[in-house]
Structure formats: C-alpha cells, structure tokens
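What follows is a short report on a single structure.
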Amino acid sequence: MTVLAKIKLERQSAAAIAAKVNSRETSAVAVAEETLARLAAYDAIQPQVWISRLSEEAFLAAARAVDARVAAGDVLPLAGVPFAAKDNIDVRGLETTAACPAFAYSPEQSATVIERLTAAGAICVGKTNLDQFATGLNGTRSPYGAPRNAYNLTYVSGGSSSGSSVAVAAGLVAFALGTDTAGSGRVPAAFQHLIGFKPSKGRWSNRGLVPACRTLDCITVFTNDSADARLVDGVIAGFDAADPYSKALADLPRGCKTIGVPRREQRAWFGDCESEFLYDRALEKLAGLANIVEIDLAPLQEAALLLYGGPWVAERTAAMEEILADNPDAVDPTVREVVEAGLAMSAVELFNGIYRMAELKRHADLLWEGIDMLAFPTTGATYRVAELLAAPVALNSALGFYTNFVNLLDMAAVAVPAGIRSNATGFGVTLIGPADTDRALLDAADDYLAAADLPSPPPLDLEGKMQTVKIAVVGAHLKDMPLHWQLTSREAKFVGAFQTAPSYRLYAMADSVPPKPALVHSTDGGAIAVEVYELGVAEFGSFVVEVPPPLAIGTVTLSDGSSVKGFVAEPRALTGAEDITGLGGWRAYIMRQS
Numbered sequence: 001m002t003v004l005a006k007i008k009l010e011r012q013s014a015a016a017i018a019a020k021v022n023s024r025e026t027s028a029v030a031v032a033e034e035t036l037a038r039l040a041a042y043d044a045i046q047p048q049v050w051i052s053r054l055s056e057e058a059f060l061a062a063a064r065a066v067d068a069r070v071a072a073g074d075v076l077p078l079a080g081v082p083f084a085a086k087d088n089i090d091v092r093g094l095e096t097t098a099a100c101p102a103f104a105y106s107p108e109q110s111a112t113v114i115e116r117l118t119a120a121g122a123i124c125v126g127k128t129n130l131d132q133f134a135t136g137l138n139g140t141r142s143p144y145g146a147p148r149n150a151y152n153l154t155y156v157s158g159g160s161s162s163g164s165s166v167a168v169a170a171g172l173v174a175f176a177l178g179t180d181t182a183g184s185g186r187v188p189a190a191f192q193h194l195i196g197f198k199p200s201k202g203r204w205s206n207r208g209l210v211p212a213c214r215t216l217d218c219i220t221v222f223t224n225d226s227a228d229a230r231l232v233d234g235v236i237a238g239f240d241a242a243d244p245y246s247k248a249l250a251d252l253p254r255g256c257k258t259i260g261v262p263r264r265e266q267r268a269w270f271g272d273c274e275s276e277f278l279y280d281r282a283l284e285k286l287a288g289l290a291n292i293v294e295i296d297l298a299p300l301q302e303a304a305l306l307l308y309g310g311p312w313v314a315e316r317t318a319a320m321e322e323i324l325a326d327n328p329d330a331v332d333p334t335v336r337e338v339v340e341a342g343l344a345m346s347a348v349e350l351f352n353g354i355y356r357m358a359e360l361k362r363h364a365d366l367l368w369e370g371i372d373m374l375a376f377p378t379t380g381a382t383y384r385v386a387e388l389l390a391a392p393v394a395l396n397s398a399l400g401f402y403t404n405f406v407n408l409l410d411m412a413a414v415a416v417p418a419g420i421r422s423n424a425t426g427f428g429v430t431l432i433g434p435a436d437t438d439r440a441l442l443d444a445a446d447d448y449l450a451a452a453d454l455p456s457p458p459p460l461d462l463e464g465k466m467q468t469v470k471i472a473v474v475g476a477h478l479k480d481m482p483l484h485w486q487l488t489s490r491e492a493k494f495v496g497a498f499q500t501a502p503s504y505r506l507y508a509m510a511d512s513v514p515p516k517p518a519l520v521h522s523t524d525g526g527a528i529a530v531e532v533y534e535l536g537v538a539e540f541g542s543f544v545v546e547v548p549p550p551l552a553i554g555t556v557t558l559s560d561g562s563s564v565k566g567f568v569a570e571p572r573a574l575t576g577a578e579d580i581t582g583l584g585g586w587r588a589y590i591m592r593q594s
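Below you can see the structure in the form of structure tokens.
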C-alpha cells in the first residue's frame with residue numbers, strides 16, 4: 001500500500017486541533033507526527049510547495065514544548081496547531097529566500113507575526129514557495145518550481161502566495177500565512193476553495209517581512225473556514241512599535257444592508273463563461289441578505305492601473321534595488337521585466353501619481369456613504385500553467401483585474417469560495433470594506449457562506465486530472481441517433497438531458513444526410529432539448545474536426561444560465577430549412593416524420 005493510500009489528506013481546523021490539545025484529548029506531539037506523515041505523502045505529488053521545512057527533530061521538539069506548557073496549565077489559543085509561512089516572512093532557524101536563492105539570508109529573529117503565533121502555541125512547519133519577491137498572481141515565477149492547483153494539477157495555484165494556499169488546500173497544515181500587495185492573499189484562495197483574509201493595512205505587523213511595496217504590503221492568512229481566520233486574527237492583530245506602518249487596533253462596526261457590485265457592462269470575464277455564471281449565482285444569494293447596487297468600476301480600475309502602470313512600480317524597484325544592481329541575472333526574467341520599469345520613474349511622475357491617488361481615494365471614501373461593502377469576483381478567469389508560461393504578463397494582469405486597487409485605496413478584504421468550475425478549480429468572490437472593518441467582513445462572510453450552502457471542495461488531484469470538455473448535442477448525435485457513435489467511439493460520458501435557455505430556434509436543414517438540425521440563437525426563441533456529454537480534450541478536438549459545414553461548434557447557454565460547448569450553425573444552414581422550434585427538440589421532429 002502506498003503512503004498516499006494510508007494517509008487521508010483532509011483539511012484541518014485550527015480551532016479543533018487547539019481544543020483537543022488544550023483538553024489533553026490529544027497531544028501536540030501526536031498532531032506533529034500526523035503532520036509529518038501528511039507532508040511525506042504529499043511530497044510525492046507536489047514537493048515544490050515548500051522551499052524549506054523544519055527538521056523532524058526540531059518539529060517534534062517544538063511540539064513537546066507546547067505539550068509541556070499545556071501540562072503546566074497554560075490554555076493556548078493555537079495549541080499544537082501546525083502552520084506554514086510564505087518564504088518572504090522571517091522564521092528564525094530557516095532561511096528567508098523570497099524565492100531567490102541569491103537573496104537568501106538567515107534571520108536572527110522571527111517576524112512579529114511568527115512570534116505571536118508561536119506564543120499562542122502554533123508551530124511553524126516550514127516556508128512555502130511563492131512568485132519571486134511576491135511579484136505575480138499566478139505561482140509560476142519561482143526557481144523552486146510552480147506549485148499547482150491542488151484540485152487540478154494542470155492549472156495554476158494562484159500567487160504570489162502559491163505554496164501557502166496549496167498547503168492548506170491539501171490538508172498539510174491548518175492555516176498558512178501569505179502576503180498581499182495586489183491580490184496575492186486572495187487569488188490563490190479563490191482558485192483553491194479557501195478563505196483568504198487580507199487585513200487592513202497596519203492591523204498585522206510587517207516587521208520581518210521582505211517588502212514588495214512597503215506602503216501597501218499586508219501579511220494574510222489562508223484557512224478552511226472563517227472561524228479559523230478570526231482565530232488567527234485574534235492572535236496576530238495589534239500595534240507593533242517596531243513596524244513604522246503599524247497602527248492601533250480598531251474594529252469599526254459595519255452593517256451589511258447595501259452591497260456594491262460592478263456594473264454588468266464593466267465586468268470582465270476574459271472568455272471564462274463559467275466565472276460569469278458563478279458570480280451571478282453568488283449575487284443571487286447575496287441579494288437575499290442585502291440590497292445589491294451597481295457601481296461605476298472605472299475609478300477603482302484607474303487606481304489599480306497605477307500599481308504597475310504608474311509610479312508605484314518604483315516601490316517594488318526600491319525593495320529590490322540592491323539585487324537588481326549587483327546580480328540582476330538572479331532575478332526571474334518576468335519579475336525583472338516588471339520591476340526594472342521603476343528605474344525610469346521620475347520624482348515628478350511619483351508625485352503626480354500620489355496626487356491622483358489622493359483624488360481616487362476620496363472617491364472611494366465617498367462610496368462608503370452609499371454602500372456597506374463591495375462584493376467583487378476575486379478573479380474573472382483561471383488559467384493552465386502552460387498558458388501562464390506562454391503569456392506571463394498579460395494573463396497575470398487579467399488575474400489582478402478585481403484585486404489590484406484594494407490596498408492602494410486602504411481597504412480590507414476577505415475572499416470566500418463561491419462555486420466549483422467544471423475543471424474542479426475554485427471560483428470566489430471577495431467582500432471588501434473600508435479600513436478597520438475586518439471583523440464586520442468576516443461576519444458578512446459567515447452570512448454569505450451560510451446562505452450559499454456550497455458543496456464541499458472536490459477531491460484533490462493526486463495524479464493529474466484528465467482535462468475534459470462538455471458539449472451539448474441537439475440532433476443526429478443524440479442517443480440512438482445515426483451519428484451517436486461519434487461520441488461513444490470517443491468514450492464520451494453522458495452528463496444529462498437538459499434544456500437550452502429560451503433564446504434559440506431549431507431548424508430542420510434541407511437535404512442533409514443523415515437529417516440534421518441547425519440551432520440558432522434568437523431573441524424570440526424557445527427552450528430546446530439537448531443532451532450534454534463530456535469528452536477528453538483531445539477527443540473533443542478530433543470530434544470538432546469531423547463537424548461538417550454549415551454546422552460548427554460554439555457556446556450554448558443552458559436553462560440554468562450555465563454554458564457549454566455545443567452545435568451552432570452558419571446563416572446558410574437556414575436556406576430551405578423548416579423552423580421546428582415549436583416542437584421543442586429534434587426527437588419530436590423525428591417522431592413526427594416517422
């Protein structure tokens with residue numbers, strides 16, 4: 001029996017582990033031993049999740065120390081809870097690399113957040129992989145390898161906090177620290193069905209963090225549920241005099257009566273119809289909790305563009321000034337391309353950017369007079385690893401469309417799951433509020449998740465999931481029809497019988513052998529019966545090659561609003577054709593003809 005067969009990789013609860021260790025129902029050592037087994041098992045799948053880990057001896061010694069504290073009467077909020085830290089956060093005893101070996105150093109002291117977690121009884125397992133210098137939202141920009149989505153290994157994990165998100169999704173640790181400057185604590189959460197809590201700037205200390213943009217950076221946490229995010233926040237949050245950007249803790253009350261969303265024509269999906277469908281479903285659930293108000297996205301997008309297209313890129317350059325000057329070849333080529341643009345920024349451009357950002361910040365502040373929070377898609381699309389490697393800048397920019405403005409405009413955010421794509425990757429929405437509404441956002445996340453009643457995350461992808469495509473057939477490829485063999489010969493899996501949205505017309509084409517229909521989108525159409533099948537990507541490609549004109553494969557919308565690939569027709573297909581829309585489907589037409 002393999003190690004994976006013996007170990008059950010399930011998500012963990014920090015609160016549940018701490019309760020059991022504090023009550024002596026289990027021990028921190030027992031939790032650590034189980035964690036070591038999980039780590040060993042998943043190393044066979046994605047060893048690139050980690051850059052460094054504690055030795056087994058050091059990990060068990062830390063666990064014994066927690067058990068001794070509990071035995072002495074201490075009640076620790078995170079007793080024995082294993083966690084991971086993104087490798088741009090200092091952990092004493094482990095190198096900090098920021099995913100750049102030439103940059104590596106051994107910190108003399110752990111970051112403030114690590115010290116506070118350790119004092120609460122948590123045990124840091126190790127340092128996780130990331131997009132180098134936290135520059136990227138996809139997870140592919142690391143010399144240590146690209147952590148992949150835990151639910152579909154063909155797809156990106158999201159970044160830059162790639163390894164941390166996978167470590168939680170795969171059940172290796174109960175929670176993991178990430179960072180977020182432009183969305184790095186939210187995008188990976190969305191893709192992997194996680195909670196991604198991004199505190200207000202200054203709520204959590206950044207002492208001991210390798211900066212990306214020092215004035216914008218936030219340390220974040222990935223958890224399985226909002227209760228654990230709230231628990232970790234309770235331990236970490238608070239003023240730290242050693243961090244010049246730290247501020248006094250505040251929790252502003254915030255209702256959830258009105259939620260702002262982008263105007264429909266401003267929503268960008270980058271060709272991902274599933275994301276659009278899942279966002280609409282999420283808004284339906286939110287509409288049961290609050291009034292939904294469409295807002296103008298343009299000012300927020302203008303702010304977002306200043307992050308990489310304006311002078312704020314120079315802040316990243318400042319953080320990497322020394323290595324860019326002394327050893328530029330050590331920097332990932334895409335990261336270097338992004339940050340070197342800051343070298344050309346002038347002080348005049350910087351101040352003009354600051355002035356414009358102040359104007360945009362005032363606009364954002366006025367938003368809160370009419371709405372309580374925003375509910376945006378976390379991302380509009382997801383991508384395969386190969387796609388990101390082929391177009392690293394353009395596709396990464398698409399991932400930040402809904403996230404880049406948040407820190408620039410001093411907002412808090414929590415990313416929550418909002419559905420499962422057909423490829424098993426996650427879709428998420430992010431609840432966004434003004435600074436210091438962190439706890440109110442977590443409360444709103446609880447309300448949304450209770451209303452959404454989402455299914456559990458799909459099984460982990462442990463061996464490389466077969467990539468598939470769903471296709472709706474409407475005529476000669478239906479079961480028991482003359483061309484159905486073209487599906488069965490490709491081992492197509494029957495998904496189910498469905499109706500299209502009521503926006504199609506069906507025609508019986510003239511002189512077609514065997515008889516075939518033409519499905520045409522129409523504003524005065526009806527619902528048409530279809531069958532949906534699932535094929536492998538290669539099989540789908542070979543199937544499409546055999547589709548004869550004037551038919552073609554396009555996108556068909558089903559009655560529930562979801563979309564699949566399906567048969568459509570060119571205009572010439574209607575020459576001499578009979579409109580049979582009123583029959584509701586091809587089977588009824590064939591029965592009428594017999």
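For the sequence shown, this note's numbering begins at 1 and goes up steadily by one. The beta carbon of each residue, even a glycine, is placed where N, CA and C say it ideally should be. Note that the coordinates shown come from a computational prediction; the quantities given were computed from them, not determined experimentally.
| request: Return the chain-ordered ranges of every alpha helix (DSSP H) run that is complete within the stretch 357-391 and spans a minimum of 4 residues. | output: 385-390
| query | Taking the continuous beta strand (DSSP E) assigned at Y533, which residues delimit it? | reply | By one-based count along the sequence shown, residue 533 stands at place 533. Where Y533 is concerned, the enclosing beta strand (DSSP E) stretches over A529 to G536.
| field | Distance, L360 Cα to P253 Cα | value | The residue labelled residue 253 in the question sits at position 253 within the sequence shown. The residue labelled residue 360 in the question sits at position 360 within the sequence shown. Their Cα atoms are separated by approximately 24 Å.
| request: Could you say if the stretch 175-187 and the stretch 442-458 meet the contact criterion of at least three C-beta pairs nearer than 8 Å? | output: no
| said: Among the candidates A381, D372, V335 and G310, whose CA atom is the shortest distance from the CA of E349? | reply: Numbered from its first residue, the sequence shown carries residue 349 at position 349. Of A381, D372, V335 and G310, the residue nearest in Cα terms is G310.
| said: Quick check: A445 and D410, are their CB atoms within less than 8 Å of each other? | reply: Your numbering for residue 445 matches position 445 in the sequence shown. Your numbering for residue 410 matches position 410 in the sequence shown. Cβ distance not < 8 Å, so A445 and D410 don't count as in contact.
| task | Taking T220 as part of the beta strand (DSSP E), name the residues at either end of that continuous run. | result | Here residue 220 refers to the residue found at position 220 when the sequence shown is read from its first residue. It spans C218 to T223 - the beta strand (DSSP E) in which T220 sits, taken as one unbroken run.
| Would you call the stretch 210-219 and the stretch 468-488 in contact, with 3 or more CB pairs under 8 Å? | no
| query | Between the C-alpha atoms of L343 and A241, what's the straight-line distance to the nearest angstrom? | reply | Here residue 343 is taken as the residue at index 343 of the sequence shown, counted from 1. Here residue 241 is taken as the residue at index 241 of the sequence shown, counted from 1. Near 31 Å, if we compare the C-alpha coordinates of A241 and L343.
| As assigned by DSSP and simplified to three states, the class of P434 | Stepping through the sequence shown from its first residue, residue 434 is reached at position 434. If DSSP states are grouped into helix, strand and coil, P434 belongs with the strands.
| L177, DSSP secondary structure in three states | What you label residue 177 is simply residue 177 of the sequence shown in a count that begins at 1. Reduced to three states, the DSSP call for L177 is strand.
| A120: beta carbon under 7 Å from a heavy atom of the ligand PLP? | In the structure shown, the ligand PLP is absent, as is every other ligand, since no ligand is present at all.
| query | Residue ranges of each alpha helix (DSSP H) run of no fewer than 4 residues wholly in the stretch 223-283, ordered along the chain? | reply | 226-236
| Is the beta carbon of A227 less than 8 Å from the beta carbon of F239? | Reading the sequence shown from its first residue, position 227 is the one you call residue 227. Reading the sequence shown from its first residue, position 239 is the one you call residue 239. Cβ atoms of A227 and F239: not closer than 8 Å.
| field | Of the residues E25, P417, L558 and V469, the one placed nearest A451, counting alpha carbons only | value | For this step, residue 451 is matched to residue 451 along the sequence shown. Among E25, P417, L558 and V469, the Cα nearest to that of A451 belongs to P417.
| task | Quick one: grab the DSSP three-state call for L9. | result | Against the sequence shown, residue 9 aligns to sequence position 9. Coil.
| How about L460 and L9: are their beta carbons less than 8 Å apart? | Along the sequence shown, read from residue 1 onward, the residue named residue 460 stands at position 460. Along the sequence shown, read from residue 1 onward, the residue named residue 9 stands at position 9. Contact: yes.
| message | Looking only at its chain, what residues have a beta carbon closer than 8 Å to the beta carbon of C256, apart from the 5 residues adjacent to it on each side? | response | Within the sequence shown, residue 256 is the residue found at index 256, counting from 1. The residues are L289, A290, D372, M373, A440, D443, A444 and D447.
| task | Could you check how far apart the C-beta atoms of Q195 and N149 are, in whole angstroms? I think they sit under 8 Å. | result | To locate residue 195, count along the sequence shown from 1; it is residue 195. To locate residue 149, count along the sequence shown from 1; it is residue 149. A quick correction: the sequence has Ile, not Gln, at residue 195. Contact flag wrong, Cβ pair sits at about 17 Å.
| task | Within the same chain, show all residues whose beta-carbon is closer than 7 Å to that of V547, passing over the 5 residues directly before and after it, in chain order. | result | Taking the first residue of the sequence shown as position 1, residue 547 is located at position 547. So the qualifying residues of the chain are I553.
| DSSP state of S397 mapped onto helix, strand, coil | The sequence position of residue 397 within the sequence shown is 397, counting from 1. Correct three-state label for S397: helix.
| Per-residue DSSP class, three states only, for K565 | Locating residue 565 in the sequence shown gives position 565, counting from the first residue. Strand, per DSSP.
| Beta-bridge pairing of W50 - partner residues as DSSP gives them | Position 50 of the sequence shown, counting from 1, holds the residue named residue 50. Answer is T128, bridged to W50.
| message | Quick check on S346: buried or exposed, where buried means 16 or more other Cβ atoms within 10 Å of its Cβ? | response | Reading the sequence shown from its first residue, position 346 is the one you call residue 346. So S346 counts as exposed.
| query | For C530 versus A472, is the C-beta distance shorter than 8 Å? | reply | As a working mapping, residue 530 is identified with position 530 in the sequence shown. As a working mapping, residue 472 is identified with position 472 in the sequence shown. It is Val, not Cys, that sits at residue 530 in the sequence shown. It is a contact, given that the beta carbons lie within the stated cut-off.
| Taking the beta strand (DSSP E) that G496 falls in, what are its first and last residues? | In the sequence shown, the residue the question calls residue 496 occupies position 496. Looking at the DSSP string, the run of the beta strand (DSSP E) that includes G496 is K493 to Q499.
| query | From M1 to Y155, what distance separates their C-alpha atoms? | reply | Residue mapping note: residue 1 aligns to position 1 of the sequence shown, counting from 1. Residue mapping note: residue 155 aligns to position 155 of the sequence shown, counting from 1. Model confidence at M1 stands at a pLDDT of 40, short of 50, so the residue's coordinates are unreliable and nothing is read from them.
| If you count every other CB in all the chains shown that lies within 10 Å of the CB of S142, and 16 or more means buried, which is it? | Counting from 1 along the sequence shown, the entry for residue 142 is found at position 142. Result: buried.
| Got a sec? Which residues, its chain only, sit under 8 Å from P606 by beta carbon, not counting five neighbours each side? | Outside the displayed range of the chain (1 to 594) lies residue 606, so it cannot be described from this structure.
| query | Which residues mark the beginning and the end of the alpha helix (DSSP H) in which R591 is found? | reply | Within the sequence shown, residue 591 is the residue found at index 591, counting from 1. It is Met, not Arg, that sits at residue 591 in the sequence shown. From DSSP, the alpha helix (DSSP H) with M591 extends over W586 to Q593.
| If you draw a straight line from the alpha carbon of A169 to that of P147, how long is it in whole angstroms? | Indexing the sequence shown from 1 puts residue 169 at position 169. Indexing the sequence shown from 1 puts residue 147 at position 147. The alpha-carbon atoms of A169 and P147 are separated by roughly 12 Å.
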